[in-house]
Amino acid sequence: MSSQDSQDIETATTAIESAPDTKTRRYDRQLRLWAATGQSALESSRVLLVSGSATSTSILKNLVLPGIGHFTILDHAKVSHSDAGNNFFLEGYNSIGKSRAEEAVQLLSELNDGVEGRADTRTLESILESHPEWITSFTIVISHNLDHALLNKLSALLWKDAKYPPLVVVRSAGFLADFYIQFHEHTIIESHSETSPSLRIDKPFPALREHALSLEFDNMDSTEHGHIPYVVILVRALEDWKKSHGGGLPTSYEERQQFKKSVLALKVKGDEENFDEAEAQAYRCWTETKVPSEITALFSDPALSTEAMESPFFHLLAALKEYTEQSDTHALPLTSTLPDMKSDTHNYIHLQRLYKTRAEEEKQAFKSYLRVPVDDGMVDSFVKNAHALVVLRGKPWGTFDQDKAALVESLSTMPKETCIHLALSALSLLQASDTSVSPSAESIRANIQSIVGQSTELPVEADDAIGEIARAPFSELPNTAAFLGGMVAQEVIKMITKQYVPVKGYCVIDLIETWTGTIGA
Amino acid sequence: MATEIHVNGAATSSDWQDRYYHVDQILDRPGPRTDPSFLAGDEVKDFLRNKCKILVIGAGGLGCEILANLALTGFKDIHLIDMDTIDISNLNRQFLFRPADVGRPKAIVAAEYVMKRVPGVKVTPYYGKIQDKDDDYYMQFNLVICGLDSVEARRWINATLVNLVDSENPESLKPLIDGGTEGFKGQARVILPTVSSCYECSLDMLNKPTTFPICTIANTPRLPEHCIEWASVLEWPRVRGDEKLDTDDPEHIGWLYSIAVARAKEFKIEGVTWSLTQGVVKNVIPAIASTNAIIAASCCNEAFKIATSSAAYLNNYFMLIGTEGVYSYTFEHEKRDHCPVCGGEALEISISRDWTVEQLIELLTEKQTIQIKKPSLATPEKPIYFQQPPQLEESTRPNLEKKVFELVPDGGDVVVTASSLPFSLSLIITYT
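Residue numbers (UniProt numbering), protein chains in the order written: chain A, 1 to 521; chain B, 1 to 432.
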């Protein structure tokens, strides 16, 4: 071990922090999910809400609490009697007749001093005409039950340039709702995947292999023998197996059972749990260490072939591609995270050091393929999460409703979800033509039929969706608003932090049977 | 119809015209999935707004959301129980509280806030434990909603409501709606005590809590968590004696942290931080506003549908995982045949004739479907082993080493009690 290493250990184990400050304490429960990097992304974000409906303020509440930087409510409406009854962020009866945006901004701002809120009482129409750049200056834009024609204009504007903010389209009536995130491209390093990276037991790096071979299992005292980490046991047992099987791995079921038996046969005492653990983890020996297919698929992403790549993510991905092609292992760079295992301190920490040292070497090798400088923190995070990188590519809002073949397919595979989505689309078309009368079930059905094509037969599930929309076409139930408030805020947080994986397609919600489903991805 | 009332000196109208415009669209006519028993119109509105009495247990992350939703939906007689006071770390999601409220009882602050914001709603808070209340108290409600973070409290209210059911009296069946969250995950469920699967029926769905063997902590630490446990489990009682560890006291956490850091340094273990120390000793569960909003909304939505019969309700379990896209799963959790709470039957346990009482106790504490700590055992005739009081513990201790077979005949009954168990568990012991 070099002196540099021992110094690292010294600093790593002795740096004493003082008690956390007020802000860290306030955000403690969420920092455990998205850490300081996610928090800082939230704090520099600016969110635009088109409408100050109960649903919109519910969404905002769940964004103001965790601490976005700024929000604007764009709404020229005055608080109506019914608004005052179903929106928690109005002063009840006292708010009637006042600006809906201003009243809501005041009460939402109370939730968090660190968030800046603004009310804008202009109409979306006028801004789309005169100041579209104002809309595109936000981090993300959210609309709720927006008029059909205006929504088309807004989504078209935001789709024009891949750099423009994503748009979240939220629609609801009574117990039914759906929402969709329009975005060009969304890259995720910290997907928080539950799959863990390879420990390279099948292809041990030299230091690990040497360590496993150097141990004299037979000459250990029983305490030491009972504390050899399973990783070392497996590497050793596999090396021995290969020697006696012409270099091959256990492949057939019988061979694998035999291998497991040989692991257990190494026990000198019946209660050596480390060998039981090794047997349970033996599958790692025949799970080949290679680049996962999801990551290989990213290597052919079109963004890699463009000349002027701007995003550091794709520079890192390009480097990863070259690295895996050219390195000896043809695997992703090793991650230093070693799971806990039955062992004593000395053996475990020694093994951990082997992994850390090797991981650091591979990271340096990986970095040599980078064509542009990338922030070290980002490189570390990228390498650590290389097995779970995600690239999502989206479509413009409304594409699904214009694709008859896709709708017909979706009607047969996910009829309940598709019918609710179509009934909401039909409602929005009907409201565009006349907002004064309640649409009848017949008119909703006719509009669905015009979307999917007259010759497409609607499944029986359509009756439930149509009937429910016709029952309460203009109803914004407090519970539906609150449910959407949570759902949409959750997805917006994922978009802003670029952590976890946001929903792709139309997320449909039925609060009668209480389920969610996703279509049209 | 609208009557002027005065709240905090400001003139308001408790039920102004169109106040319930949105909810009334649902209550004025049935939908395709509405039960035929639904009485659309004034009668159902009158029940919801003037007669229905609902109990909310917990005024934390879920509780705050639940209160606001119920109030807006039109429930006007809401009772609220919570035993906690407000901490600064609540403010990232418990939106009825402000920094100035830190230290005050959650139930009282939440009730005041909702009554101020939603005129005409009466919220009756109780700052204390659910166990303080008797059957008569619980009997007065039409519905109970729980937003709790404790398994023990859930088991208690579940067992209490199951025991309340009297087949002669339909009013005694109180639907229980239970929500829970952890990070981006959560669940909501509807329990009709004795009719559908109860909380106890699904105990095996809980994740096993992470525990570290004491020998690892004492002798072979590998993880930062082991060093923290060493500080809190072993060093605190050794050095600080009888002083009670207060996980909310920064001085206490700071002390544990410094001890854990020293331990980690000695063993060259990386990763002990203040945040991790607090997380381990307090068993902190990540919590965010958005997940709480989803789960609370679905609980209140079920309460609304059950109270009004305006639509079918959840049958009976909704599970949400929001980490990768939006994944949810709605299913019917089935009653467990031998549920010790709602099954009404004794649990059969088959053991070897060689087993000692100690081994049986170990089995009971490890069993995922039972989950008890420190159980006491007795046959219908005499005690086998009692954890308390000390005299009885001492006099029954010799039985621990005896074989169960010497004390209980084949097919014999054993009654298990524990302070964490809100009911007594009957076992039938058979021998292999």
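For glycine and all other residues, C-beta sits at the position ideal for the given N, C-alpha and C.
Buried or exposed by the 16-neighbour rule on C-beta atoms within 10 Å, applied to residue i
| i | result |
| --- | --- |
| A:Asp28 | buried |
| B:Ala287 | buried |
| A:Gln402 | exposed |
| B:Thr323 | buried |
| A:Ala318 | buried |
| A:Tyr253 | exposed |
| B:Ala418 | buried |
| B:Pro340 | buried |
| A:Ala178 | Sequence inspection shows Asp at residue 178 of chain A; the Ala mentioned does not correspond to that position. Buried, by the Cβ-count rule. |
Proximal residues of chain A, C-beta to C-beta of residue i below 8 Å
| i | result |
| --- | --- |
| B:Asp18 | Ser80, His81, Ser82 and Gly85 |
| B:Val44 | Going along chain A, no residue has its Cβ under 8 Å from B:Val44, so there is no contact; the nearest lies around 14 Å. |
Test: residue i CB closer than 7 Å to a CB of chain D
| i | result |
| --- | --- |
| A:Asp464 | The chain labelled as chain D is not found among the protein chains of the depicted structure, namely A and B. |
Whole-angstrom distance between residue j and residue i, CA atom to CA atom
| i | j | result |
| --- | --- | --- |
| A:Phe483 | B:Ser309 | 20 Å |
| A:Val268 | A:Ser222 | 8 Å |
| B:Ala296 | A:Val408 | 35 Å |
| B:Ile372 | B:Pro209 | 13 Å |
| A:His225 | A:Asn219 | 9 Å |
| B:Leu407 | B:Thr396 | 12 Å |
| A:His245 | A:Ser262 | 13 Å |
| A:Val372 | A:His315 | 7 Å |
| B:Ile351 | B:Leu164 | 34 Å |
| B:Pro99 | B:His252 | 23 Å |
| B:Pro422 | B:Ala159 | 7 Å |
| B:Lys133 | B:Tyr126 | 10 Å |
| B:Arg189 | B:Asn315 | 8 Å |
| B:Arg49 | B:Ile294 | 24 Å |
| A:Leu334 | A:Ala359 | 5 Å |
| B:Ala107 | A:Ser99 | 32 Å |
| B:Ala2 | B:Arg29 | Reliability fails at B:Ala2, whose pLDDT of 40 lies under 50, so the model's placement of it is uncertain and the value that follows must be treated cautiously. Taking the straight line joining both Cα atoms gives about 23 Å. |
| A:Ser82 | B:Trp274 | 48 Å |
| B:Ala10 | B:Lys122 | Here the model assigns B:Ala10 a pLDDT of 40, short of 50, so the residue's position is not dependable, and the following value carries that caveat. B:Ala10 and B:Lys122: Cα-Cα distance of roughly 17 Å. |
| A:Val374 | A:Ser381 | 11 Å |
| B:Gly120 | B:Asp15 | 8 Å |
| A:Thr72 | B:Ala110 | 27 Å |
From the options, residue whose alpha carbon lies closest to that of residue i
| i | options | result |
| --- | --- | --- |
| A:Ser56 | A:Leu298, A:Val232 and A:Phe89 | A:Phe89 |
| B:Asn219 | A:Leu48, A:Leu31 and A:Asn347 | A:Asn347 |
| A:Leu146 | A:Asn94, A:Thr139 and A:Leu124 | A:Leu124 |
| B:Thr291 | A:Ala19, A:Ile519, A:Leu48 and A:Lys61 | A:Lys61 |
| A:Gly453 | A:Thr22, A:Thr345, A:Ala426 and A:Ser214 | A:Ala426 |
| A:Cys507 | A:Ser368, A:Ala84, A:Leu176 and A:Val141 | A:Leu176 |
| B:Glu65 | B:Gly41, B:Lys45, B:Leu39 and B:Phe97 | B:Phe97 |
| A:Asn66 | A:Val501, A:Ile519 and A:Ala489 | For the sequence presented, residue 66 of chain A should be read as Pro rather than Asn. Taking only the C-alpha atoms, the option nearest A:Pro66 is A:Ala489. |
| A:Leu389 | A:Ile295, A:Ile233 and A:Glu103 | A:Ile295 |
| B:Glu332 | A:Ala297, A:Asp202, A:Thr514 and A:Lys504 | A:Thr514 |
| B:Asn92 | A:Ile96, A:Val115, A:Lys363 and A:Tyr93 | A:Val115 |
| A:Arg26 | B:Ile88, B:Asp82, B:His22 and B:Leu39 | B:Ile88 |
| B:Lys95 | B:Leu62, B:Leu80 and B:Gly74 | It should be noted that the sequence gives Phe, not Lys, for residue 95 of chain B. The shortest C-alpha separation from B:Phe95 is found at B:Leu62. |
Beta-carbon separation (whole angstroms), residue i vs residue j, contact threshold 8 Å
| i | j | result |
| --- | --- | --- |
| B:Asn90 | B:Gly128 | Wrong, their Cβ atoms sit about 18 Å apart, outside the cutoff. |
| A:Thr480 | A:Ser51 | That pair is no contact at about 15 Å. |
| A:His184 | A:Ala162 | 4 Å |
| B:Ala311 | B:Arg33 | 6 Å |
| residue 447 of chain B | B:Glu229 | An answer regarding residue 447 of chain B cannot be provided, because it is not within the stretch 1 to 432 covered by chain B. |
| B:Ile57 | B:Ile157 | 6 Å |
| A:Leu151 | A:Val169 | 7 Å |
| B:Lys174 | B:Tyr138 | 7 Å |
| A:Ser440 | A:Ala470 | 6 Å |
Chain-ordered neighbours of residue i on chain B, where CB pairs are closer than 8 Å
| i | result |
| --- | --- |
| A:Cys419 | Within chain B, no residue comes near A:Cys419; the closest Cβ sits about 11 Å away, beyond 8 Å. |
| A:Leu33 | Gly183, Phe184, Pro286 and Ile288 |
| A:Phe483 | Ala293, Ile294, Ala297, Ser298 and Asn301 |
| A:Ala19 | Pro250, Ile253, Gly254 and Trp274 |
| A:His186 | The premise fails here: A:His186 is roughly 12 Å from chain B at the closest Cβ pair, so nothing lies under 8 Å. |
| A:Met309 | Result: empty, since nearest Cβ-Cβ is about 27 Å, beyond 8 Å. |
Chain A contact residues for residue i, given Cβ-Cβ distances below 7 Å
| i | result |
| --- | --- |
| B:Asn92 | Arg26, Tyr27, Arg29, Gln30, Leu65 and Pro66 |
Cross-chain neighbours of residue i in chain B, by beta carbon under 7 Å
| i | result |
| --- | --- |
| A:Leu111 | Phe95 |
9 Å Cβ cut-off: residues of chain A touching residue i
| i | result |
| --- | --- |
| B:Arg29 | Arg471 and Ala472 |
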